[in-house]
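Some notes on the structure that comes next.
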Amino acid sequence: MSTAASFSGRGAPWKIFHRRPTSKPAIESLAIKTTCPLGQNRLKTQQTSIPGHRNAENKLLNGHKLHPVMASKSTNNSNSSHLSPLGIIKEFYECINEKQLKRLGDYISEDCYIEECSFPTPIEGKEEVLHFFDLLIASMGENVKFKVIHLCEGDDQLIAAANWHLEWKKAQIPFTRGCSFFECSREGEKITIKKAQIVNESPIKPGSLVLTLLKIVTTLFDDFPSTTEWFLKSPHVILQWLLKIYNIIWTIFINPILKSYLHVWNFATLLHSYAFQILLNILKLFIK
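Residue 142 in the UniProt record's numbering sits at position 142 of the sequence shown; the count goes up by one each step and never skips.
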């Protein structure tokens with residue numbers, strides 16, 4: 001089908017499970033791929049010893065069965081015109097791990113659009129996208145690599161997804177798990193990444209507080225539906241108002257308090273310096 005990227009520590013070929021073409025939306029038609037030996041053994045066990053569970057899974061998949069397809073390893077001379085979206089994503093992460101920015105540019109479209117959830121604004125245009133990945137590669141250093149766990153690909157649409165985490169010398173780094181969703185486009189015979197959405201794991205784990213906040217927000221939405229509709233259509237307006245309120249509070253209250261606090265500390269420091277100088281002079285008199 002396509003050539004697959006060769007990640008560190010993996011010698012066996014990748015197994016990809018594709019679903020037959022369906023008219024469902026692209027995300028629903030993603031095919032599941034397992035690269036974990038434990039996952040493959042578990043899948044074999046389910047197929048041989050639990051036929052009833054397999055039938056239930058088939059019903060969940062709307063009657064579409066999964067078909068295994070073998071994918072060979074990729075080489076450094078891979079050409080995007082001969083790769084499927086799945087192969088493009090494999091090459092994408094391999095280029096980052098091997099710090100080959102120029103090769104990475106072959107898989108990025110001119111109008112590429114990336115939504116990185118850690119950034120307030122999206123990254124648009126090939127030049128800005130490559131600049132972002134240049135900074136990412138520099139930040140990763142020599143020993144940090146992307147470890148792709150699962151890859152999914154649509155049958156008909158140019159859609160692919162990846163589940164990954166970061167590793168330092170093959171040891172997983174905490175709070176670095178993430179998912180990436182890619183939309184590819186055809187430019188003649190060449191397939192490139194047109195759009196990507198990257199979701200990162202948050203290091204803050206609020207737990208049940210999230211559900212409490214969600215309950216409060218949904219209650220407010222239900223109690224004020226007209227205001228909610230206005231807010232959802234133009235959330236940037238609310239953000240601008242919040243920034244204005246913050247600036248007012250900062251100017252009127254917080255800034256004067258901080259200034260007075262600094263003045264108090266400066267005065268206290270001056271008193272301590274005078275007291276220390278007087279003490280030194282007294283000691284000099286007694287020492288003589």
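Heads up, the beta-carbon is just placed ideally off N, CA and C, and yes, glycines get one too.
- Bridge pairing for V144: W168 [DSSP].
- Exclusion of the five residues before and after I137 leaves I96, K99 and L101 as the residues of its chain whose Cβ lies within less than 7 Å of its Cβ.
- E94: member of the alpha helix (DSSP H) spanning P85 to N97, first to last residue.
- Apart from sequence neighbours up to five positions away, the residues of its chain that approach I89 with a beta-carbon distance below 7 Å are L151, A160, A162 and F182, ordered along the chain.
- Non-local beta-carbon contacts of S118 in its own chain, meaning distances under 7 Å to residues more than five positions away in sequence, involve N200 in chain order.
- Counting C-beta pairs closer than 8 Å gives fewer than three between the stretch 112 to 126 and the stretch 206 to 225, which falls short of the contact rule.
- Shown here for W164: same chain residues with a beta carbon closer than 8 Å to its own, the five before and five after excluded, namely Y93, F146, K147, V148, I149, R177, G178, C179 and S180 in chain order.
- Of the candidates C184, G188 and P203, C184 places its Cα closest to the Cα of K194.
- For G178, there is no enclosing alpha helix (DSSP H); the enclosing beta strand (DSSP E) has its first and last residue at G178 to E187.
- The DSSP-derived three-state label of K102 is helix.
- Contact between E187 and S109 holds, since their C-beta atoms are separated by about 7 Å, short of 8 Å.
- For Y113, the uninterrupted beta strand (DSSP E) run begins and ends at I108 to E116, by DSSP.
- For I204, the three-state secondary structure derived from DSSP is coil.
- When W241, D223, L214 and V144 are compared, the shortest CA-CA separation from K170 is found for V144.
- Cβ contact annotation for Q172 (same chain, cutoff 8 Å, sequence separation greater than five): K147, H165 and L166, in chain order.
- The criterion of a C-beta distance shorter than 9 Å is not satisfied by P256 and G154.
- Excluding residues up to 5 positions away in sequence, T228 lie with their Cβ nearer than 7 Å to the Cβ of F221 in the same chain.
- P235 and F267 have their alpha carbons spaced roughly 46 Å apart.
- Under the three-state reduction of DSSP output, Q157 falls in the coil class, being neither helix nor strand.
- By the neighbour-count criterion, in which 16 or more other beta carbons inside 10 Å mark a residue as buried, V264 falls on the exposed side.
- In the DSSP assignment, I238 falls within the alpha helix (DSSP H) that extends over P235 to I249.
- Setting aside the 5 residues that flank it on each side, L104 is surrounded in the same chain by F92, C95, I96, L130 and F133, each with a C-beta closer than 8 Å to its C-beta; the list follows chain order.
- When DSSP reads this structure, Q277 sits in no beta bridge, so it has no partner.
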